[in-house]
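Novice:
2 protein chains.
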Amino acid sequence: MDPLQEARNLLVRRWGEMGGYWGINRTMAEIYALLFVTRESLCTDQIMDQLKISRGNASMNVRALVDWGLIERVHRLGDRKEYFKADTDVWHMFETIMRERRRREVEPILATLQRCTELVNPEQADLSSLNDEDVDEFRRRVSELMTFLTTMGTLFEMVLESGDGGMKSLVQGFSNIAPPAPSKTGA
Amino acid sequence: MDPLQEARNLLVRRWGEMGGYWGINRTMAEIYALLFVTRESLCTDQIMDQLKISRGNASMNVRALVDWGLIERVHRLGDRKEYFKADTDVWHMFETIMRERRRREVEPILATLQRCTELVNPEQADLSSLNDEDVDEFRRRVSELMTFLTTMGTLFEMVLESGDGGMKSLVQGFSNIAPPAPSKTGA
DNA sequence: CAATTCTTTCGAAGATTTCTGAAAGTTCAT
DNA sequence: ATGAACTTTCAGAAATCTTCGAAAGAATTG
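Residue numbers (our numbering), protein chains in the order written: chain A, 1 to 187; chain B, 188 to 374.
(1) DSSP beta-bridge partners for E259 of chain B?
(2) Excluding the five sequence neighbours on either side, which residues of its own chain have a C-beta within less than 7 angstroms of the C-beta of G210 of chain B, listed in chain order?
(3) Between the stretch 338–353 of chain B and the stretch 273–291 of chain B, do three or more beta carbon pairs fall short of 8 angstroms?
(4) Mind pulling the alpha helix (DSSP H) runs of 4 or more residues that sit fully within the stretch 81–162 of chain A?
(5) Below 8 angstroms between beta carbons is the criterion; list the residues of the stretch 32–58 of chain A that meet it against any residue of chain B, in chain order.
(6) Please state whether the Cβ-Cβ distance between L314 of chain B and P3 of chain A is less than 8 angstroms.
(7) Can you give the Cα-Cα distance for I109 of chain A and L65 of chain A, rounded to whole angstroms?
(8) I need the DSSP call for L264 of chain B, collapsed to helix, strand or coil.
(9) Considering only the alpha carbon of each residue, which of A:D134, A:G56, A:M167 and A:V62 lies closest to F335 of chain B?
(10) Can you say whether G207 of chain B is buried or exposed, counting buried as having 16 or more other CB atoms within 10 angstroms of its CB?
(11) So who's on the other strand from R229 of chain B, going by DSSP bridges?
(12) Keeping to the same chain, check which residues put their C-beta closer than 6 angstroms to that of V37 of chain A; ignore five residues upstream and five downstream.
(13) What does L306 of chain B reach in chain A if we use C-beta pairs closer than 7 angstroms?
(14) Mind listing the chain B neighbours of I109 of chain A? Cutoff is C-beta to C-beta under 8 angstroms, in chain order.
(15) Taking all protein chains shown into account, do 16 or more other C-beta atoms lie within 10 angstroms of the C-beta of S129 of chain A, making it buried, or fewer, making it exposed?
(16) Distance check for E292 of chain B and M215 of chain B, CA to CA, integer angstroms please.
(17) For A86 of chain A, which option in A:R55, A:R139 and A:F94 has the closest C-alpha, if you only look at C-alpha atoms?
(18) E137 of chain A and R200 of chain B: beta carbons closer than 8 angstroms?
Right, dumping it as structure tokens:
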């Protein structure tokens, strides 16, 4: 196998392994990776063939990737097959994934935290039989969590808003305020 | 059930549901949540009882949480049981989780990207039979990904370095450079 | 040092997720 | 309308992940 193909395979496999951690399944991750490392667009049969997966599996996961906006359909003149190519704008890919994750992971928690706050609000519930300290501590912890999640959300929006270039400004702006970040990039 | 208990249960269950997305299993997430919403420390039997899980399961997951540094063992005078309490410093919890995730999810990818770069380095491999454009495009994409991951890593270090207070500076510093972030906190 | 109390391990069972492949569906050219 | 080319669906099979619970292992005490 030529070095390019070897490199591609390596990346596809690794990316697939990571897929699990990223809330998407291995195949979906592999398909995305395959398209990411391939210059021309690929059709379903090529994907099936390269990744050794069934037609059904390929179809389902390609569709999911299209739904997520991580890959797009491409049509070639005089060819009825559908081809697919990856969105190779890394920032855009990041934004897509993060938004989806926030929607699925952070927002439900925020809603629950909100509800928890209401449940222990003295104006809405009878707390007379409860230990004050327990209630206070609970309120404190819930509130800290909410503040934290909200702050992170804001930071996230900031990062997205600033994009690739703005990111540098952000890093720049920060280094005037705090001591230089310790470069922990070992090796 | 009293409102406080109801609120606790709600949060524990929701947190557990989210666990899967966060690369930890449901039980581990539930145990952490239970300790997070409980002021006093709990022993294994109390955890088993409240979450309706087996001793083995409790033991395994408590250990994992201790390993991660998300909860800690507490000993009570004259009591041989081990009790556990959550690390309730939300920032610290965040740091712990993110470092672990980076170690497991980002670093392996970076290593692979590094290796990919080497594989298509003309000084180390014979690329003469390959299409130049394919190789160039591959190099470009791999390099973009590396840059992106590294940049995010730096941002991450910055955020951690700055902590709770510094975070505000960061947000502050940013708002001088870019237009105010659109508050997308719907509802 | 033996009884007691508590913790950990681990194989099997159970639950969940993912994948396959054949069949049904769709689209398009003729 | 028909048939060829291509896509989607879905029920069962396979793989993976999680949990249980009994037994083994430690630690502590009298």
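All residues carry an ideal CB built from backbone N, CA and C; glycine is no exception.
Please read these numbers as outputs of a predicted model, since none were measured by experiment.
Specialist: The answer reads as follows:
(1) The residue labelled residue 259 of chain B in the question sits at position 72 within the second sequence. Partner(s): B:K272.
(2) Numbered from its first residue, the second sequence carries residue 210 of chain B at position 23. Answer for G210 of chain B: R288, listed in chain order.
(3) yes
(4) 90–101 and 107–119
(5) F36, V37 and R39
(6) Position 127 of the second sequence, counted from the start, is the residue given in the question as residue 314 of chain B. Position 3 of the first sequence, counted from the start, is the residue given in the question as residue 3 of chain A. Yes, these two residues count as a Cβ contact at 8 angstroms.
(7) Against the first sequence, residue 109 of chain A aligns to sequence position 109. Against the first sequence, residue 65 of chain A aligns to sequence position 65. If I take the Cα positions, the gap works out to 25 angstroms.
(8) Here residue 264 of chain B refers to the residue found at position 77 of the second sequence. Coil.
(9) For the purposes of this step, residue 335 of chain B is taken as the residue at position 148 of the second sequence. Nearest option by C-alpha distance: A:M167.
(10) For the purposes of this step, residue 207 of chain B is taken as residue 20 along the second sequence, with counting starting at 1. Its Cβ having fewer than 16 others within 10 Å, G207 of chain B is exposed.
(11) Taking the first residue of the second sequence as 1, we reach residue 229 of chain B at position 42. The question names Arg, but residue 229 of chain B is Leu in the sequence shown. Answer is B:F271.
(12) Along the first sequence, read from residue 1 onward, the residue named residue 37 of chain A stands at position 37. So the list reads R8 and L11, once near-sequence residues are dropped.
(13) By 1-based counting over the second sequence, the position of residue 306 of chain B is 119. Here the neighbours are P3, E6 and A7.
(14) Locating residue 109 of chain A in the first sequence gives position 109, counting from the first residue. Correct list: R201, W202 and M205.
(15) Within the first sequence, the letter at position 129 stands for residue 129 of chain A. So S129 of chain A ends up on the exposed side.
(16) Working through the second sequence from its first residue, we reach residue 215 of chain B at position 28. Working through the second sequence from its first residue, we reach residue 292 of chain B at position 105. Each residue's alpha carbon lies about 19 angstroms from the other.
(17) In the first sequence, the residue the question calls residue 86 of chain A occupies position 86. Answer by Cα proximity: A:F94.
(18) What you label residue 137 of chain A is simply residue 137 of the first sequence in a count that begins at 1. What you label residue 200 of chain B is simply residue 13 of the second sequence in a count that begins at 1. No; because the gap between Cβ atoms is not below 8 angstroms, this pair is not in contact.
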